[in-house]
Amino acid sequence: MFAEFLPALSRVALVPKICVASLTLLFFCLSLAITFVRLRTKVLFFGAPADPTSLLTKLVRAHGNTAEYVGLLAVLILSIGSEPRSNVVTGLMILALLARLLFVFAILRCRSLEIFDPLRALAVTGTYLAGLGLGVALLVS
Numbered sequence: 007m008f009a010e011f012l013p014a015l016s017r018v019a020l021v022p023k024i025c026v027a028s029l030t031l032l033f034f035c036l037s038l039a040i041t042f043v044r045l046r047t048k049v050l051f052f053g054a055p056a057d058p059t060s061l062l063t064k065l066v067r068a069h070g071n072t073a074e075y076v077g078l079l080a081v082l083i084l085s086i087g088s089e090p091r092s093n094v095v096t097g098l099m100i101l102a103l104l105a106r107l108l109f110v111f112a113i114l115r116c117r118s119l120e121i122f123d124p125l126r127a128l129a130v131t132g133t134y135l136a137g138l139g140l141g142v143a144l145l146v147s
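Using the working numbering, you'd call the opening residue of the sequence shown number 7 and step up by one each time.
Put into structure tokens, the structure is as follows:
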């Protein structure tokens, strides 16, 4: 079903903008959430508690990890998205967005950051595949 929908998305100029806007909103929503949790818990110093089950620790980790990837993914998506693109490239853009959203969801829903989470591993793998694929696509475009 998704494979049939992808060709139509490849012709839509808004896909790169929607992906980048969503990644940007994700980053700033995490920033805002950290601020609210810091105010509520009165933990106003830099960093987070060493407790891997703390909501603040999870938010800080999700925000930091998002900051590591969102900028480069946005540049890749906008660079490639400004030209006609293949269905594969459109799929990689969408994969990048979904992987980052899944990563944040997986971090926030886990009981502890110290416990292996297959959902988080899937999200990281999706991020790597999307980033590598978009990098290759930029090289050959």
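Backbone N, C-alpha and C fix where the C-beta goes; we use that ideal spot for every residue, glycine too.
- C-alpha of L79 to C-alpha of R44: approximately 28 angstroms in a straight line.
- Collapsing the DSSP output to three states places F52 in coil.
- With distances taken between CA atoms, L128 lies nearest to F111 out of L144, L140, V142, F111.
- Annotation for C116: no alpha helix (DSSP H) segment contains it, and DSSP assigns it neither H nor E.
- Going by DSSP, S85 is part of the alpha helix (DSSP H) stretching over 61 to 87.
- Around A68, the same chain offers L36, F109, V110, I113, L114 as residues with beta carbons nearer than 8 angstroms, after the five sequence neighbours per side are excluded.
- Looking only at P90, F42, Y75, the smallest Cα-Cα distance to A136 is reached by Y75.
- DSSP places S28 inside the alpha helix (DSSP H), whose first and last residues are 20 to 47.
- In this chain, the alpha helix (DSSP H) harbouring R126 covers 124 to 146.
- L82 sits close to L140, with the two beta carbons spaced by under 8 angstroms.
- Here R106 carries a helix assignment [DSSP, helix/strand/coil].
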